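Sequences listed follow chains A and B, in order. For the first sequence, my numbering puts the final residue at 276, and the numbers step up evenly by one. For the second sequence, my numbering puts the final residue at 423, and the numbers step up evenly by one. Glycine included, every Cβ here is placed at the ideal spot set by N, Cα and C. Note that the structure is a prediction, hence the values are computed from the model and not measured. Below you'll find the structure, written out as structure tokens, and then a few comments.
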Amino acid sequence: MDSNQEEIGLLHESPGELIVKYQPIVLVIVRMFMRSGYFRGEEPQEVIQSVNEKLLDRIERIRSNYNGISRLRTYFSAVIRNLCLERIRKGRVEEVYRLMEEQENSLSYSPDQLNRLIIRQELERLDTVLKLLYTQRHKIVLILKALLRIPAREEEVRLLLEAPVSQSLEESVAMLVRGDFRSDREAFQHLSRVFNFLEGKQNSEDSIRKWIYIREGEIIQLLNGDPPRANHNHETLRILFDRYFHEMQPPSRDFRIKTEASVRDI
Amino acid sequence: MNSATEYERLFDQGGHVNEEGVAYYAEAILAGREDTLPEGLRAHVAHCSHCAAQCLEMVMILKEIDAGEASAGEGLTEGEQILGESCIEMTQSQSGRIRLVWRRYRIVAGFLLLGSIGLFLLLWLSEMKREEDLVKKHDRGVIRQEQRVLETWVSYWAGKNSGFGERFILNPSLEKMLAMAFRSGEFAVLSPDSLAVYHEGDTVFFNWKGAGMATLVLRVIGNTGETLHQRKLSHHHAYYLPVRPQPGLYYWFVELDGMKAAGGRFIINRGDEGMQH
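Laid out in structure tokens, this is it:
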């Protein structure tokens, strides 16, 4: 019997035992909220006990709602998170502290270590956000790379390289691959050319500008969280994206050299 | 995802991804298999900021759980450190399971009883009268109580051999307190039983009903009279004892708005003295 089956057995036969088994999960989730400034003024143990009680209260509902599609411990994590959110929304929190302020006061990390830790965490969040954006991801990445003057990667322009394209479009692709636009305006000119070709549209440069502004707003909202855990804005998002592209999606050098050569040959 | 019915189960009545759907999506992202998710689910999340936020937070939580279980206790506030230690101890200890050990141990206890029957009978007979009183006072079924009393003495004997004997001796004044009438009304303690036996490292779980809005004080006392743990609780009906008691006999009392409402004993057995799993 795998651990998930064993845990499902406990859910039906001995929920108290299951809840004890899941205490590390409760601890981690409560700790995450506390690090973000929630449950301030409350004893951690109070919060945990309250979550445990609510889990016990809702055990029947959990049994009936759980369909076995995900692992039980993942499902429970979602339930525990929602219980914490319920507690927060009931107004038992007096004040929200910013991540930096709270952690500077409570953790024993040096500022450098702390910054690295926070940035790493934010980069991971951003990576997940991009995965969640699914079909919009490709477009967002290509636009932001252009705006940050970061060369596009091979897989990001592959469709364009393989398709029979006009000379002007090839020039735009080469610019994306080099990532050396002189201005945002120039970047939007080339981007609109590329996306009009890919999407079969006749959108203006300004519509691309508006589109990415709205998407950035959505990403900011996701990164900041609800309840709020950070305070990103358009400016800090660009900084985060710049770091993300350099650290988690480094440009492929060989591809850049190869493509530049082929563009020069045209 | 095998069928349309299963797919539908990922959404709630409002058309948003439900808790299990969020869990399912987060698991897929962490396993790098988001491409296998149903198209409709991915499309919904990509265009619904509410559901995207839920999935994002879930992924971050799962990452934290994966990373945090190994490094629990690092970088916490003092309060969190204390909490972490107690909870980790709770779970590391024999998987932190709540057990009524007497069920599992009765076979082993039987062998021990046979082996030491002579001496045991002497001890048992000498305490017979007191135990009979306890049976009456606690209004328990005779057979059930006898089983427990037997086991109490097995524990006592196991402790005695290992130098822990004094920790298993009944405390006369606390026994008197137990024998006193408790205010009950609708209030009832469901767990632990009045004479529960735990294995060293088990979590002691208190669960009660009928406390209403009253403030409840739970006090756990060692057999020598020292308070092991005391906690004031409001609007609760369950409580995990956040400390791991040493082997021995413990008394617990519950006060409701200053009035004694319930009491009992529990025994923590040593893991290495005769009472093996």
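Beta bridge counterpart(s) of residue i as assigned by DSSP
i              : result
L379 (chain B) : B:L362
W398 (chain B) : B:V366 and B:G410
Y344 (chain B) : B:I414
F207 (chain A) : Partner(s): none; F207 (chain A) has no beta bridge.
V163 (chain B) : B:F157
T373 (chain B) : B:I367
Contacting residues, own chain, Cβ-Cβ under 8 Å from residue i (five flanking each side not counted)
i              : result
W398 (chain B) : P338, F352, L364, R365, V366, I367, G409, G410, R411 and F412
K406 (chain B) : M323, M326, F328, R329, F399 and V400
K31 (chain A)  : E17 and L20
E215 (chain A) : R195, F198, Q199, L201 and S202
R91 (chain A)  : I39
H382 (chain B) : A357 and L362
A198 (chain B) : V191 and A192
Neighbour list for residue i in chain B, Cβ cutoff strictly below 8 Å
i              : result
N125 (chain A) : Those do not exist, as N125 (chain A) stays about 14 Å from chain B at its closest Cβ, beyond 8 Å.
E63 (chain A)  : H382, H383 and A384
R188 (chain A) : Those do not exist, as R188 (chain A) stays about 30 Å from chain B at its closest Cβ, beyond 8 Å.
V139 (chain A) : A198 and L202
E134 (chain A) : M206 and K209
Same chain, Cβ closer than 7 Å to residue i, neighbours up to 5 away in sequence not counted
i              : result
Q238 (chain B) : Confidence at Q238 (chain B) is low in this model, with a pLDDT of 36, below 50, so its placement is unreliable and the value that follows should be read with caution. Cβ within range, chain order: n/a, list empty.
L183 (chain B) : Y171 and A174
K378 (chain B) : T361 and V363
P54 (chain A)  : V40 and M44
A159 (chain B) : First, the amino acid is wrong: residue 159 (chain B) is Gln here, not Ala. Nothing meets the Cβ criterion.
E23 (chain A)  : none
N206 (chain A) : Q212 and N213
Segment limits, beta strand (DSSP E) that includes residue i
i              : result
R411 (chain B) : M405 to N415
A334 (chain B) : A334 to S337
K429 (chain B) : Not covered by the structure: residue 429 (chain B). The range shown for chain B is 147 to 423.
Residue i: contacting residues in chain A (beta-carbon distance under 7 Å)
i              : result
A192 (chain B) : L142, L143, Y144, T145 and Q146
L208 (chain B) : T84 and S87
R155 (chain B) : N77 and I79
Under 9 Å by beta carbon: chain A residues contacting residue i
i              : result
Y344 (chain B) : Ordered by position in chain A, no residue passes the 9 Å Cβ test against Y344 (chain B), which lies about 13 Å from the chain.
R416 (chain B) : Correct list: empty, because the minimum Cβ distance to chain A is about 21 Å.
A189 (chain B) : Y144 and T145
M204 (chain B) : T84, S87, A88 and R91
A408 (chain B) : Ordered by position in chain A, no residue passes the 9 Å Cβ test against A408 (chain B), which lies about 18 Å from the chain.
E332 (chain B) : In chain order: nothing, as chain A lies at least about 18 Å away.
G152 (chain B) : The sequence as given places Glu at residue 152 (chain B); Gly does not occur at that position. Near E152 (chain B) (Cβ distances below 9 Å), the residues of chain A are N77 and I79.
E180 (chain B) : K141, L142 and Y144
Residue range of the alpha helix (DSSP H) that includes residue i
i              : result
L387 (chain B) : Unbroken run through L387 (chain B): none, as it is neither H nor E.
S13 (chain A)  : S13 to E23
K322 (chain B) : P318 to A325
K149 (chain A) : R147 to L157
F328 (chain B) : Looking at the DSSP string, F328 (chain B) is not in any alpha helix (DSSP H), and its letter there is neither H nor E.
H244 (chain A) : H244 to M258
R188 (chain A) : Q177 to R188
R188 (chain B) : E185 to H193
Own chain residues within Cβ distance below 6 Å of residue i, not counting five before or after
i              : result
A360 (chain B) : L402 and D403
P25 (chain A)  : I69
G161 (chain B) : none
Y254 (chain A) : L133 and L136
I229 (chain A) : V139
Listed by chain order, chain A residues near residue i by CB distance under 8 Å
i              : result
S195 (chain B) : E228, Q231 and L232
A199 (chain B) : Q231, L232, G235 and D236
7 Å Cβ cut-off: residues of chain B touching residue i
i              : result
Y76 (chain A)  : E166
I35 (chain A)  : I211
M42 (chain A)  : I207 and E210
S80 (chain A)  : E166, A169, Y170 and E173
I39 (chain A)  : I207
Q259 (chain A) : None at all; the shortest Cβ gap to chain B is about 16 Å.
Proximity test, residue i beta-carbon vs the ligand ADP heavy atom, cut-off 7 Å
i             : result
E70 (chain A) : Questions concerning the ligand ADP fall outside what the structure shown contains, since it holds no ligand whatsoever.
Interface residues of chain B facing residue i [CB-CB closer than 9 Å]
i              : result
L66 (chain A)  : N353, H383 and A384
Q177 (chain A) : Simply none; closest approach about 34 Å.
Which runs of the alpha helix (DSSP H) fall wholly inside the region 43-112 of chain A and span at least 4 residues, in chain order? 54-67, 69-75 and 82-97
Which parts of the region 206-235 of chain A are runs of the alpha helix (DSSP H), unbroken and 4 residues or longer, counting only runs that do not cross its ends? DSSP runs (the alpha helix (DSSP H)) wholly in the region 206-235 of chain A: 215-234.
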